[in-house]
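The listed protein sequences correspond, in order, to chains A and B.
For the first sequence, UniProt numbering begins at 1 and goes up steadily by one.
For the second sequence, UniProt numbering begins at 1 and goes up steadily by one.
Positions of the beta carbon are idealized from the N, C-alpha and C atoms, including for glycine.
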Amino acid sequence: MPDLLIELFSEEIPARMQARAREDLQKLVTDGLVNAGLTYASAGAFSTPRRLTLAVEGLTASSPTTREERKGPRTDAPEAALEGFLRSTGLTRDQLEARDDKKGQVWFATITRPGRPAAEIVAEVLDTTIRNFPWPKSMRWGAGSLRWVRPLHSIICLLSDEAGATVVPLTVEGIAAGNATRGHRFLSPDAFTVTGFDDYAAKLRRAHVILDSAEREAAIRQGAENLAFARGWEIVPDDALLAEVAGLVEWPVPLMGVIEERFLDLPPEVLQTSMKEHQKFFSARNPKTGRIEGFVTVANIDTPDDGATILAGNQRVLAARLSDAAFFWENDLREAKSGMKAWEDGLKSVTFHNKLGSQADRIARIAALAREIAPLVGADPDQAERAAKLAKLDLRSAMVGEFPELQGTMGRYYALAAGEPEAVADAAREHYSPLGPSDAVPTAPVSVAVALADKIDTLTAFWAIEEKPTGSKDPFALRRAALGVIRLLVTLGLKAQLRSLLTQHGEVVRADTAATVQEGNAVIARSRYADITRDYDLVEIAKADGRRLTIHSWSFNGETVADLLSFLHDRLKVYLRDQGIRHDIIDAVLAQPGNDDLVLVVNRATALNAMLQTEDGKNLTQGLKRAGNILAQAEEKDGVEYSFGADPKFAETDEERALFAALDTAEPAIKAAIKTEDFPAAMTAIAHLRAPIDAFFEAVQVNTDNQIVRRNRLNLLHRIRAAGQQIADFTKVEG
Amino acid sequence: MTSPNRPRSFQEIILRLQNYWATQGCAVLQPYDIEVGAGTFHPATTLRALGGRSWAAAYVQPSRRPTDGRYGENPNRLQHYYQYQVIIKPSPANLQDLYLGSLRAIGLDPLVHDVRFVEDDWESPTLGAWGLGWEVWCDGMEVSQFTYFQQVGGHDCRPVSGELTYGLERLAMYVLGVEHVMDMPFNDPDAPIPLTYGDVFRQTEQEYSRWNFDQADTEMLFQHFKDAEAECARILAAPETDAAGRRIPMAHPAYDQAIKASHIFNLLDARGVISVTERQAYIGRVRALAKACADLFVTTEAAQA
Numbered sequence: 001m002p003d004l005l006i007e008l009f010s011e012e013i014p015a016r017m018q019a020r021a022r023e024d025l026q027k028l029v030t031d032g033l034v035n036a037g038l039t040y041a042s043a044g045a046f047s048t049p050r051r052l053t054l055a056v057e058g059l060t061a062s063s064p065t066t067r068e069e070r071k072g073p074r075t076d077a078p079e080a081a082l083e084g085f086l087r088s089t090g091l092t093r094d095q096l097e098a099r100d101d102k103k104g105q106v107w108f109a110t111i112t113r114p115g116r117p118a119a120e121i122v123a124e125v126l127d128t129t130i131r132n133f134p135w136p137k138s139m140r141w142g143a144g145s146l147r148w149v150r151p152l153h154s155i156i157c158l159l160s161d162e163a164g165a166t167v168v169p170l171t172v173e174g175i176a177a178g179n180a181t182r183g184h185r186f187l188s189p190d191a192f193t194v195t196g197f198d199d200y201a202a203k204l205r206r207a208h209v210i211l212d213s214a215e216r217e218a219a220i221r222q223g224a225e226n227l228a229f230a231r232g233w234e235i236v237p238d239d240a241l242l243a244e245v246a247g248l249v250e251w252p253v254p255l256m257g258v259i260e261e262r263f264l265d266l267p268p269e270v271l272q273t274s275m276k277e278h279q280k281f282f283s284a285r286n287p288k289t290g291r292i293e294g295f296v297t298v299a300n301i302d303t304p305d306d307g308a309t310i311l312a313g314n315q316r317v318l319a320a321r322l323s324d325a326a327f328f329w330e331n332d333l334r335e336a337k338s339g340m341k342a343w344e345d346g347l348k349s350v351t352f353h354n355k356l357g358s359q360a361d362r363i364a365r366i367a368a369l370a371r372e373i374a375p376l377v378g379a380d381p382d383q384a385e386r387a388a389k390l391a392k393l394d395l396r397s398a399m400v401g402e403f404p405e406l407q408g409t410m411g412r413y414y415a416l417a418a419g420e421p422e423a424v425a426d427a428a429r430e431h432y433s434p435l436g437p438s439d440a441v442p443t444a445p446v447s448v449a450v451a452l453a454d455k456i457d458t459l460t461a462f463w464a465i466e467e468k469p470t471g472s473k474d475p476f477a478l479r480r481a482a483l484g485v486i487r488l489l490v491t492l493g494l495k496a497q498l499r500s501l502l503t504q505h506g507e508v509v510r511a512d513t514a515a516t517v518q519e520g521n522a523v524i525a526r527s528r529y530a531d532i533t534r535d536y537d538l539v540e541i542a543k544a545d546g547r548r549l550t551i552h553s554w555s556f557n558g559e560t561v562a563d564l565l566s567f568l569h570d571r572l573k574v575y576l577r578d579q580g581i582r583h584d585i586i587d588a589v590l591a592q593p594g595n596d597d598l599v600l601v602v603n604r605a606t607a608l609n610a611m612l613q614t615e616d617g618k619n620l621t622q623g624l625k626r627a628g629n630i631l632a633q634a635e636e637k638d639g640v641e642y643s644f645g646a647d648p649k650f651a652e653t654d655e656e657r658a659l660f661a662a663l664d665t666a667e668p669a670i671k672a673a674i675k676t677e678d679f680p681a682a683m684t685a686i687a688h689l690r691a692p693i694d695a696f697f698e699a700v701q702v703n704t705d706n707q708i709v710r711r712n713r714l715n716l717l718h719r720i721r722a723a724g725q726q727i728a729d730f731t732k733v734e735g
Numbered sequence: 001m002t003s004p005n006r007p008r009s010f011q012e013i014i015l016r017l018q019n020y021w022a023t024q025g026c027a028v029l030q031p032y033d034i035e036v037g038a039g040t041f042h043p044a045t046t047l048r049a050l051g052g053r054s055w056a057a058a059y060v061q062p063s064r065r066p067t068d069g070r071y072g073e074n075p076n077r078l079q080h081y082y083q084y085q086v087i088i089k090p091s092p093a094n095l096q097d098l099y100l101g102s103l104r105a106i107g108l109d110p111l112v113h114d115v116r117f118v119e120d121d122w123e124s125p126t127l128g129a130w131g132l133g134w135e136v137w138c139d140g141m142e143v144s145q146f147t148y149f150q151q152v153g154g155h156d157c158r159p160v161s162g163e164l165t166y167g168l169e170r171l172a173m174y175v176l177g178v179e180h181v182m183d184m185p186f187n188d189p190d191a192p193i194p195l196t197y198g199d200v201f202r203q204t205e206q207e208y209s210r211w212n213f214d215q216a217d218t219e220m221l222f223q224h225f226k227d228a229e230a231e232c233a234r235i236l237a238a239p240e241t242d243a244a245g246r247r248i249p250m251a252h253p254a255y256d257q258a259i260k261a262s263h264i265f266n267l268l269d270a271r272g273v274i275s276v277t278e279r280q281a282y283i284g285r286v287r288a289l290a291k292a293c294a295d296l297f298v299t300t301e302a303a304q305a
């Protein structure tokens with residue numbers, strides 16, 4: 001059983017692409033080998049900045065011989081048909097066999113494919129893999145036409161067993177596979193040969209290369225923590241940075257540095273972001289002060305001066321970067337303390353969307369809406385409005401210009417510097433949340449008001465100009481905004497009447513949408529919809545001159561509201577499905593009145609879901625459906641609606657009387673429970689009908705010959721249907 | 001940076017790079033005589049990266065970025081600075097080693113420093129060009145851009161050129177251990193008349209910063225932009241043969257107008273008279289010129305293998 005070693009040695013592979021490349025290499029090669037008839041015991045892929053490596057153990061030495069029988073034309077078929085068959089099978093006539101078939105004599109061919117040695121298959125598979133490798137971005141170099149992530153320099157392709165190692169003969173665009181590689185670019189630049197994976201990994205280590213990225217990560221983590229520990233500090237964990245840094249070095253050497261005193265007053269987020277984004281440094285925190293006071297940089301080399309030169313250089317670069325950051329911070333603070341008027345004015349000239357006006361327009365809308373929503377979430381309306389006005393001003397600050405990921409975080413600092421209360425400042429940081437399905441939902445009332453207003457404005461605004469998500473395209477992240485609204489309302493149990501809220505805000509948004517005055521297709525004037533009234537004069541004057549001018553604008557009507565609400569419902573279905581509630585249950589609930597109150601929808605669906613898990617619940621559904629079906633058929637046949645006057649005095653059986661009694665108890669209980677939105681109680685009440693309904697259908701024939709009794713029973717079924725309809729549309733429940 | 005091999009001045013670093021790349025066989029060219037934003041705009045890079053003919057050149061290119069002006073006060077930012085540019089076509093297999101040799105030549109020993117190739121893909125929307133490569137880090141500082149050109153002026157590069165760009169001031173400040181660019185020795189500090197970078201450039205940085213930001217006549221510049229654009233189009237539209245019947249397509253004169261338009265656009269940008277939406281439109285207009293010049297250049301003698 002031979003082992004296979006492949007190394008693709010190139011110029012530096014981007015760190016972010018290495019993990020995926022390891023998986024792709026392993027999958028493409030092992031799939032290729034298996035498809036060609038080989039099997040293997042195990043495989044593992046590795047990467048460093050300069051190499052992609054695959055080790056396959058226990059490969060079969062050759063693929064098995066296969067036989068295939070194929071039926072050809074009849075022996076009396078035209079010559080051309082036989083020739084075609086011979087061509088397709090690769091055989092000669094004397095190798096065919098004539099056999100009797102249902103319709104006469106037919107030629108049969110037996111094609112034998114001899115097994116092929118592993119080396120031949122490996123060479124083919126590796127050639128294909130290299131030429132079709134799915135790099136996110138690839139390039140050509142020199143005068144060649146091969147594509148790789150960066151220039152490919154050498155290939156190891158080695159099969160080894162007890163007898164020794166053999167290079168698999170293979171040449172890709174002039175690069176012949178061999179058994180040689182190189183170590184660390186500077187510490188061990190010379191080429192050396194290897195005999196198999198163990199030898200390869202061991203020699204690489206001697207040549208200052210740690211092959212396994214997991215081992216490099218562990219070494220970096222351990223080294224950084226040790227350095228921090230020696231000073232009584234701790235490393236701020238950052239797995240994404242760790243993976244990236246491990247992809248930038250073959251021989252990791254962590255070095256610790258100290259941040260100069262003059263930068264320690266910068267906000268910790270600024271220090272951390274600047275060090276991470278620009279320098280790929282880890283942050284070290286002093287638990288005694290709570291501040292970030294140091295950093296760990298990871299060099300790729302051991303030097304005679306133990307990294308002193310490298311550390312000094314990094315320190316210098318960091319100082320320059322942090323000087324910039326400190327400069328931004330001081331300037332921004334000055335602006336913040338003077339009231340942020342310049343930023344506010346600045347946002348007037350920043351376009352939010354060319355059909356929706358400026359960022360300042362948008363902020364004004366959000367502020368108005370936040371004020372509107374405030375009572376609903378228990379926030380002070382003045383504070384909510386103020387917070388919304390300030391929340392996005394940091395977009396004009398120098399710091400956010402440099403580090404966009406600090407938006408909101410800086411906004412909070414600047415609002416505090418401006419003397420705003422904590423609740424208002426916190427809203428700047430928290431109003432972007434939640435950003436996904438799992439991050440935290442803000443709970444402070446002012447933050448919630450602004451967060452909701454921001455997202456509802458975004459949805460309303462893009463619905464107004466008909467920019468909705470389609471398929472995989474959602475450039476304005478409207479699905480995320482919708483999920484944010486859902487998570488805020490549902491998690492916090494906020495009962496909002498979305499239909500009226502959207503209708504009302506739709507009018508506000510519409511005032512900001514772009515409108516045009518056109519003569520034919522030519523645009524004569526363009527303005528906000530709210531300002532278009534002055535253009536009516538223009539139109540009137542034009543009419544007097546005999547010109548045909550028309551005004552084009554966006555509308556936001558009941559249809560728009562319904563469409564947006566149904567989008568929210570769709571996202572709610574996705575959200576609830578992730579919580580284990582089936583889509584048919586949600587559909588059954590969405591058909592009920594009050595479906596624009598998402599909390600109500602969720603409570604109802606949750607209670608219904610719980611009931612349907614019980615034995616009573618499952619059977620009750622059947623009973624309700626059966627009642628509904630019989631009733632519907634009878635109503636269609638008779639052309640009347642049986643909806644009134646079931647009278648127990650016409651009841652003939654105990655079961656019938658029992659059902660009357662059960663409904664008499666259940667109906668007021670359900671009604672009362674629904675009124676107080678106590679859905680579990682409503683479910684319990686209706687679940688009590690299960691036994692009487694089952695017993696009724698067991699004992700009683702509804703469509704009896706006695707018309708009075710029949711009508712009475714149909715009217716009784718109506719009471720069952722009506723009781724069910726108070727809870728949900730059970731016809732939509734599956735099973 | 002205590003190596004005895006350490007250069008002592010800005011100009012010594014330039015001289016060593018010139019000498020090094022000359023030794024590696026590059027034609028050492030002189031700067032292009034039109035204002036440009038980066039060494040890549042020199043026709044020795046942009047145009048010569050096109051077509052099949054082999055090429056190897058190195059040069060210093062004075063570069064102007066009007067928006068980066070800081071009146072000579074910022075330690076690192078200048079509206080006029082120098083790039084060192086190397087372009088070799090086809091890119092040789094040992095280009096990384098050649099590059100590392102140049103660092104050794106200016107006193108950066110990769111056994112003492114931490115030299116790294118960190119992913120950085122290059123794109124020039126104004127030139128319709130892109131390539132893959134790295135920014136080269138030395139002890140955490142970006143000292144060069146290293147790019148394998150894939151496309152220029154909308155044309156695939158075949159063969160591929162390898163391009164190296166060194167930001168000379170930043171690199172030299174690091175090698176010389178200087179904190180503020182204006183304090184950097186320009187010539188030898190022991191020369192009879194020692195000059196700093198500030199002695200040479202502080203006043204011009206002030207003057208140009210003022211002109212770039214406050215004084216440049218925007219109406220005139222808008223007109224110059226239109227003129228350059230029109231002249232470029234006119235040159236490109238001219239018949240390829242002259243009155244005497246010789247085929248002389250004029251790719252280089254047309255390209256001069258394209259880079260003039262590009263620089264005028266940068267000046268207008270610094271004056272703050274170009275809005276965000278207009279920006280894209282202007283960049284698109286310059287790109288259209290650069291592409292048309294590239295289209296013509298590939299039909300000329302200098303582009304043939």
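Margin query: Using beta carbons (cut-off 7 Å, strictly below), is Q96(B) in contact with chain A?
Written below: Any Cβ of chain A closer than 7 Å to the Cβ of Q96(B) would place that residue at the interface, and such an atom is present.
message: Applying the 10 Å Cβ sphere with the 16-neighbour rule, what's the burial state of G339(A)?
response: With a threshold of 16 other beta carbon atoms within 10 Å, G339(A) falls short and is exposed.
Taking only three categories from DSSP, how would you classify K71(A)? Strand, per DSSP.
Open item on the list: I'd like to know if G140(B) contacts chain A, where contact means its C-beta is closer than 7 Å to some C-beta of that chain.
Closed with: Interface residue, yes.
(Q) Taking the alpha helix (DSSP H) that T460(A) belongs to, which residues open and close that run? (A) Element bounds for T460(A): P445 to A464.
Discussion item. Taking the beta carbon of Y197(B) as the centre, do at least 16 other beta carbons fall within 10 Å, making it buried, or is it exposed?
Written reply: By the neighbour-count rule (16 or more Cβ atoms within 10 Å), Y197(B) is buried.
Residues bridged to K473(A) [DSSP beta-bridge criterion]:
K473(A) is bridged to T470(A).
* If you count every other CB in all the chains shown that lies within 10 Å of the CB of T2(B), and 16 or more means buried, which is it? -> Note that T2(B) scores a pLDDT of 43, beneath 50, so its modelled location is shaky; the value from the coordinates is reported in the next line. Residue environment for T2(B): exposed (fewer than 16 other C-beta atoms within 10 angstroms of its C-beta).
message = Under 8 Å, CB to CB, which of the residues in the segment 57-87 of chain B have a partner in chain A?
response = So the list reads P75 and N76, given in the order they occur along the chain.
Opening and closing residue of the beta strand (DSSP E) in which Q518(A) lies: A514 to E519 is the span of the beta strand (DSSP E), which, as asked, contains Q518(A).
Q. Can you name the residues of chain E whose CB is closer than 7 Å to the CB of M139(A)?
A. Although the question refers to chain E, the structure presented lacks it and instead comprises the protein chains A and B.
Return yes when the Cβ of R53(B) is within less than 7 Å of the Cβ of A305(B), no when it is not.
Contact check for A305(B) against R53(B) passes: the beta carbons are separated by less than 7 Å.
- Let me know if Q215(B) comes out buried or exposed under the rule of 16 or more other beta-carbons within 10 Å of its beta-carbon. Its Cβ having fewer than 16 others within 10 Å, Q215(B) is exposed.
* Asked: At a CB-CB cut-off below 8 Å, which residues of chain B make contact with D305(A)?
  -> What D305(A) touches in chain B: V112.
* R116(B) touches chain A at which residues, Cβ-Cβ below 9 Å? -> Chain A residues near R116(B): E12, P49, L248, V249, A299 and N300.
| query | At a Cβ threshold of 7 Å, is V209(A) touching chain B? | reply | V209(A) does not count as touching chain B.
For this session: Could you tell me if G257(A) is buried or exposed, where buried requires 16 or more neighbouring beta carbons within 10 angstroms of its beta carbon?
Result: G257(A) should be labelled buried.
Report, in whole angstroms, the separation of the C-beta atoms of P66(B) and L236(B), which I expect to be a contact under 8 Å. Not quite, the Cβ-Cβ distance comes to about 27 Å (not below 8 Å), so this is no contact.
query: What number of angstroms, rounded off, separates the C-alpha of residue 736(A) from the C-alpha of P668(A)?
result: Look at the range of chain A in this structure, 1 to 735, and you will see that residue 736(A) is not part of it.
By the three-class DSSP mapping on this structure, what secondary structure does A57(B) have?
Shown here, A57(B) sits in a strand according to DSSP, grouped into three states.
Is the separation between the beta-carbon of W343(A) and that of L393(A) shorter than 7 Å?
Yes, the Cβ-Cβ distance between W343(A) and L393(A) is below 7 Å.
Item to complete: Inspect the beta-carbon positions of D139(B) and G484(A) and report whether they are closer than 7 Å.
Response: Against a cut-off of 7 Å, the Cβ pair of G484(A) and D139(B) comes out as no contact.
- What residues in its chain sit with their C-beta under 7 Å from that of V209(A), if we drop five residues either side in the sequence? For V209(A), where only same-chain residues beyond five positions count, the Cβ hits under 7 Å are T48, G183, H184, E250 and W251.
*Would you please verify whether the beta carbon of P31(B) is less than 7 Å from any beta carbon of chain A?*
No, P31(B) lies away from the interface with chain A (no Cβ there is under 7 Å from its Cβ).
Task: Min CB distance F186(A) to chain B below 7 Å - done: Taking Cβ atoms only, chain B reaches closer than 7 Å to F186(A), which makes this a yes.
Counting beta carbon pairs with one atom in the segment 88-105 of chain B and one in the segment 242-252 of chain B, are three or more of them shorter than 8 Å? Between the segment 242-252 of chain B and the segment 88-105 of chain B, the count of Cβ pairs shorter than 8 Å is below three; the stretches do not touch.
Can you have a look at K67(A) and say buried or exposed, based on whether 16 or more other CB atoms are within 10 angstroms of its CB? First, the residue type needs correcting, since residue 67(A) is Arg and not Lys in the sequence shown. Counting the other CB atoms within 10 Å of its CB gives R67(A) a total below 16, which places it among the exposed residues.
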